[in-house]
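The number in the working numbering is simply the position in the sequence shown, starting from 1, with 13 added. Even glycine gets a Cβ: it sits at the ideal position worked out from N, Cα and C. Read the structure below first, then the notes.
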Amino acid sequence: MYQFIGLKGAAMNKLGPRKFHQTQYSVGENSQHFLIHQQDDLFIAHEHLFQNATPTRFYHHSADTFVFVIKGELYLSQIPEEYSHRNDEDNQTILKAHQGIWLAAQSMNKVTLLSPAVELCIVRLNPNHAIDSSDDFKKVSSGNVASLVGRNRIQVWPLWQGKTGQISLELYPPHYKETLYYEKSSTQYILPLKGHALITKDKKTAEVCPTSGKVIPQKEPRAMINPTNESIVLFSIITSKPNNGRVLLLKRASH
Numbered sequence: 014m015y016q017f018i019g020l021k022g023a024a025m026n027k028l029g030p031r032k033f034h035q036t037q038y039s040v041g042e043n044s045q046h047f048l049i050h051q052q053d054d055l056f057i058a059h060e061h062l063f064q065n066a067t068p069t070r071f072y073h074h075s076a077d078t079f080v081f082v083i084k085g086e087l088y089l090s091q092i093p094e095e096y097s098h099r100n101d102e103d104n105q106t107i108l109k110a111h112q113g114i115w116l117a118a119q120s121m122n123k124v125t126l127l128s129p130a131v132e133l134c135i136v137r138l139n140p141n142h143a144i145d146s147s148d149d150f151k152k153v154s155s156g157n158v159a160s161l162v163g164r165n166r167i168q169v170w171p172l173w174q175g176k177t178g179q180i181s182l183e184l185y186p187p188h189y190k191e192t193l194y195y196e197k198s199s200t201q202y203i204l205p206l207k208g209h210a211l212i213t214k215d216k217k218t219a220e221v222c223p224t225s226g227k228v229i230p231q232k233e234p235r236a237m238i239n240p241t242n243e244s245i246v247l248f249s250i251i252t253s254k255p256n257n258g259r260v261l262l263l264k265r266a267s268h
């Protein structure tokens, strides 16, 4: 039997306001940028944008950047290079909740909010590895990516997978539990999108994943639990190749 920490009855089925204790700065009155994690292999930030304060925002990064919409809706347009062969319609798209897109390094991009508030997750993997041209400005979601059967038969939508990592959506069925495991050389970030994810690392206590997400370092034991009657959905990022370095802990981990 697990002892659940941070779990309050009926609140299980709804995500409350996201709490942040990380570095943050303003990007226009109430709009905020929150730094979640910054290492050589993984950068994660959240942005909370409000239409009345930041109706538009420009993005111009030195490395390939994945933008994922947590909440809200936006119009994204990419200012083409002088000698670009793209048509105008290929340089613009609408992103809704739980959709993402790669923005190539040095590209100039303009976001226009279409809803009163938008929450974004900004992701950069190893800056020395460039994405394929076919992935640039390609919108991905569970609606246009085929799902796969993941570990312990969870449902996974691989939004992107490459040498430097994998970005995916994961669905955990009701009453799900799994064996403790760790990643030998990969860092993982998980963000709850629907329901509350419970994480245990000792088979005794299980903590609710923060609404701002959780970074799990390499070699740290973890197992996901869903004790509710409804499925939960997570946004997951893992560096390097996840299937090659996973180690099951069939006995109690000693740390």
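What residues match up with residue i in a beta bridge as DSSP calls it?
i, result
"C134", "H59, F81"
"R205", "The residue you asked about is not Arg; residue 205 is Pro in the sequence shown. The partner list for P205 (beta bridge, DSSP) reads L247."
"V169", "L161, E183"
"D274", "Since the first residue of the chain shown is 14 and the last is 268, residue 274 is not available in this structure."
"H50", "I57"
"V40", "In DSSP, V40 forms no bridge with anything."
"S154", "Beta-bridge pairing links S154 to no other residue."
"K176", "Looking at the DSSP assignment, K176 forms no beta bridge with any residue, so it has no partner."
"N239", "Y189"
"E196", "R259"
"I4", "The chain is shown from 14 up to 268; residue 4 falls before or after that span and cannot be answered."
"Q45", "S39, H61"
On the premise that residue j lies in contact with residue i, defined as a C-beta separation below 8 Å, what is that separation, rounded to the nearest angstrom?
i, j, result
"F248", "L211", "In fact, because the Cβ distance is near 16 Å, the residues do not count as touching under 8 Å."
"I144", "W115", "5 Å"
"K217", "V260", "About 20 Å; that fails the 8 Å criterion."
"Q112", "V82", "5 Å"
"I203", "Y185", "The pair is not a contact, with the Cβ atoms about 11 Å apart (cut-off 8 Å)."
Label residue i either buried or exposed according to how many other C-beta atoms from any shown protein chain fall within 10 Å of its C-beta, with 16 as the threshold for buried.
i, result
"E183", "buried"
"F79", "buried"
"Y38", "exposed"
"E42", "exposed"
"I251", "buried"
"V153", "buried"
"Y96", "Note that Y96 scores 49 on pLDDT, short of 50, meaning its location in the model is unreliable and no value can be drawn from it."
"L263", "exposed"
"P234", "buried"
"V246", "buried"
"G156", "exposed"
Assuming contact is defined by CB atoms lying nearer than 8 Å, are residue i and residue j in contact in what I supplied?
i, j, result
"V131", "L87", "yes"
"P187", "T241", "yes"
"L3", "H59", "Examination of residue 3 is not possible in this model, given that the chain is present from 14 through 268 alone."
"S44", "F63", "yes"
"H209", "V228", "no"
"L126", "P68", "yes"
"N239", "Y189", "yes"
"F71", "N122", "yes"
"Q174", "S199", "no"
"K151", "A110", "no"
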